[in-house]
Structures are given as C-alpha cells and as structure tokens.
Amino acid sequence: MLPIPANELNGTGNLGPYWTFYHAVVAEQLRRWLPEKPSLLLDLSGGRGRWPAQAARAGHRVVEVLDFRRPAAEPWLREASDRIHKVRSDDLAFLADESVDAVVAEERALSVEIMAESALADVTRVLKPGGRVLVCVDSLVLGMAILAEQNYWAHLCQTGEVMLVPWPDGSITRCFSAAQLRDLLTGAGLEVEWVRPRTVLSPSTVDHVLGSDQRSLSWLVRTELDAHPDDDDTVGIHLVASGRKPL
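Numbering (full-length UniProt numbering), first residue to last: 1 to 247.
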C-alpha cells in the first residue's frame, strides 16, 4: 500500500492536517536554506509552489520559470511582487552562464523531468561558483508503492538504475534512492551538502499530535528538521537535497 493514499499526494482527500504540516516543513526548510544576503534566485517548480513569494519576502529577486520541461500549471495564488519575474520556457537558454546565485527545483521538478541529468547540467551552467541548488524528487519508496498499488509486480523485481513509474493519471515520474540523488548532483558537477527525506513523520502521528494541540505545529516542524542526521536512508515519499557549485 502507498505510504499516503494516491488521491492524497496532491493535497486532496482527508489528510488536511498532514499537508498543513508538510507545507510548514517545506517553508521552514527553505527559510533555513535561503542565502543570507539578497540574491538572484532561479525557481524551476513550474508555478506550483509558494517558494517565489517566500523568497521575495526575504529580500531576494526570483526568476520563476513556469514551463520548465513540462506542461504549464495553474500557479498558486500569491501576492504580486516586483521581485518575481515570470518566464515561459522549456529550457534555460535565456540565461547566461554563471548568472544566478541559487536554484530551487521543488514540486518534484527533477522527477517529472525524465532526463534529469540534462536538466541539472543546465542548472549547473547558470549557477555562479559557490551558488547552491535545492531539489525535491520522488523516492523509490513512493515509486514501489505506486507500482504495487497498480499490481505491477513484475516491475518491482527489476533492478535497473533508473526507476520510471506510471501514475494513474497517465504521467510518468522518475523515482530516486538517496544514493541515486547524490549521484545525480555529483554527476552534474555539484558538491552534495546533504540528502534527507522531506518528512518521516506519519500522517497518523501528525494528525494525533495536531488534534490534541494545534499549537504543536511549530514543535512538530522543528522535530522533523532537527532530529535526523544526514545519511543515505531512502524513506518517505519525497527526498530533498542541497548541492553547491565548487568555487
């Protein structure tokens, strides 16, 4: 069975408290990760996230690519800002080499992009030396659960290095182990700072804690982000990693 039911993976269904917690973890992780000084950020999340607005509020300028190698999406409703510049493009040819300070590829951007190696190489090209990249991908745990839910048992026995998983809606996602995600970053010429699950607390645990005290959300978020050492465990539905371009 899926660690989270399929209809819940886009935030629909009955797991409202869990997704409130999940998005709070994402926001706090980004707050900790963002550069301390005002910088130029490139966002490749396809208009699917709240990160550009959060980065703009923190004083950064953001180039938001809406159609990065995948179909257009309805953007999140967010406040208008002269710090956010939206671009429609399926590649980064419009950016010069070493022109941005940091890159955010949230919302599973490198899982939806099957040729993730090519996409990340382009990211490295536009990143300044010393610049950082934050990426989120689907995990092998999620991929195997989706295959099992669809009775693709033969696929679970395959041991190929690349796991491509068909979703019920007809889309394809590429799933990674922690070691594969490390290899993806190093193969693009980046130094890996850390790889970790996005969340490991179960929906039932989150629901129980928040149900007893809504004020415990900030405590849950701190527990999630502070309790786990950096290692190569592949757990949870999503993995997140931070890399840096060498000086």
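C-beta: ideal position from N, C-alpha, C; glycine also.
Judged by DSSP in its simplified three-state form, Arg-125 adopts helix. With respect to the 7 Å criterion, Ala-102 and Arg-132 are classified as neighbours on the basis of their beta carbons.
For Asp-90, the closest C-alpha among the options Val-100, Ile-84, Ser-118 is that of Ser-118.
Cβ neighbours of Val-235 within its own chain (closer than 7 Å, five residues either side excluded): Val-141, Pro-197, Val-200. Secondary structure note for Trp-19: it is in no beta strand (DSSP E), and the uninterrupted alpha helix (DSSP H) holding it is 16-33. Sequence-distant Cβ neighbours of Ser-111 in its own chain, meaning closer than 7 Å and more than five residues away, are Val-137, Asp-138, Thr-173, Arg-174, Cys-175. When rounded, the separation of the alpha-carbon atoms in Lys-128 and Ser-99 is 6 Å. The Cβ atoms of Leu-239 and Leu-181 lie closer than 7 Å to each other. If you compare the alpha carbons of Leu-210, Ile-84, Leu-190 with that of Gly-243, the shortest gap goes to Leu-190.
For Pro-166, the pairing in a beta bridge is given by DSSP as Ile-172.
One alpha carbon belongs to Leu-41, the other to Ala-121, and they sit about 17 Å apart.
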